[in-house]
Ligand code: PLP
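Residue numbers (the working numbering): 79 to 368.
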């Protein structure tokens, strides 16, 4: 099931509301800068049993990405209403687990008015990824870990529509017989997946890469750490290396739609998964409300 809402903007570029539209009808002009330049931003939230999970965190990150790209600040009340209505329509249609993507582009070239929409659909079955785990490869992203300080124009850490590279690395992973990717900085630090955040267990601590190294601050990782602290784990944001990954008791790639996927192989070498903790983590994420 697909559901689409368009965000309406006035001539000055201010959002005025939203409306549901036919999900099978074309809505975008071919001159939209989101399509022609990847000049825009997005968020993808998960919908589980009627709740749009981490909705406020996604809205805040949309605002932050907009600021990084100097796009007009999104009116989060308008976006929240649109996302909620798309979620409620999916839920009414029987969708128990879905994803809701919301997109803001710089709009049609020359018009000076952004384009925005919300797209909801059912999720595929992620049971195998969540329980059996995924095989990852480490790929050099080609940037140092201090890229956001030295070269902010590269927009590292913004959730932009320019994801062709993030798709290309998935194809490279498949060529290498793996399911997913963990980026490494050119100076040797673990970064993030193309659509996910790395979390590792070291004894009684859960750690994740620091977010000031040009990576996206993950909403799923944040919720997971909040749960982990209540469950008695220490948590930390650190500079981590491939040696740390090799030494970790367990590792996961976590993200809004797939949730927690344990890493069962790195660069072709099998590693143990922590099935019990993985199940607890996925249950904790599942139990989230908006
Ligand atoms: N890093 C990147 C580059 C991503 O695209 C995503 C999500 O798509 C994440 C991390 C995970 O973020 P979240 O947990 O908010 O989905």
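From the three backbone atoms N, C-alpha and C, an ideal C-beta is built for every residue, glycine too.
Near the ligand PLP: residue i beta-carbon under 6 Å from a heavy atom
i           : result
residue 334 : yes
residue 176 : no
residue 226 : no
residue 298 : yes
residue 270 : yes
residue 147 : no
residue 294 : yes
residue 274 : yes
Candidates the options, of which the one nearest residue i by Cα
i           : options               : result
residue 25  : 365, 291, 260 and 299 : Any answer about residue 25 is impossible in this case: the structure gives the chain only from 79 up to 368.
residue 329 : 137, 238, 236 and 210 : 210
residue 91  : 177, 190 and 126      : 190
residue 194 : 202, 188 and 161      : 161
residue 341 : 213, 107, 84 and 144  : 213
residue 287 : 148, 122, 230 and 223 : 223
residue 361 : 205, 238, 139 and 119 : 205
residue 147 : 301, 231 and 351      : 231
residue 225 : 217, 236, 216 and 251 : 236
residue 81  : 125, 112 and 93       : 125
residue 368 : 241, 165 and 98       : 165
residue 352 : 345, 301, 284 and 173 : 284
residue 89  : 256, 121, 202 and 188 : 188
residue 245 : 172, 170, 290 and 219 : 219
residue 274 : 266, 249 and 331      : 331
residue 365 : 215, 104 and 302      : 302
residue 334 : 318, 326 and 295      : 295
residue 304 : 111, 363 and 292      : 363
residue 198 : 168, 208, 172 and 174 : 168
residue 263 : 318, 313, 249 and 281 : 318
residue 181 : 249, 217 and 105      : 105
residue 217 : 240, 229, 196 and 250 : 250
residue 347 : 339, 324, 172 and 196 : 324
residue 234 : 85, 84, 98 and 119    : 119
Assigned exposure category for residue i - 16 Cβ within 10 Å defines buried
i           : result
residue 278 : buried
residue 308 : exposed
residue 243 : exposed
residue 392 : No information on residue 392 is available, as it lies outside the stretch 79 to 368 that the chain covers here.
residue 186 : buried
residue 310 : exposed
residue 258 : buried
residue 359 : buried
residue 157 : buried
residue 184 : buried
residue 177 : buried
residue 299 : buried
residue 221 : buried
residue 109 : exposed
residue 270 : buried
residue 130 : buried
residue 96  : buried
residue 272 : buried
residue 326 : buried
residue 215 : buried
residue 276 : buried
residue 127 : exposed
residue 121 : buried
residue 107 : exposed
Bridge partners - residue i, DSSP secondary structure assignment
i           : result
residue 330 : 277 and 340
residue 108 : Its beta-bridge partners do not exist; DSSP assigns none.
residue 47  : A question about residue 47 goes unanswered here, because the residues of the chain that appear run from 79 up to 368.
residue 314 : 285
residue 180 : 121 and 196
residue 97  : 84
residue 261 : 217
residue 268 : 262
residue 347 : 344
residue 186 : 110
*asked:* Give the list of continuous beta strand (DSSP E) stretches no shorter than 3 residues that lie fully inside the stretch 190 to 247.
replied: The qualifying runs are 193 to 200 and 212 to 218.
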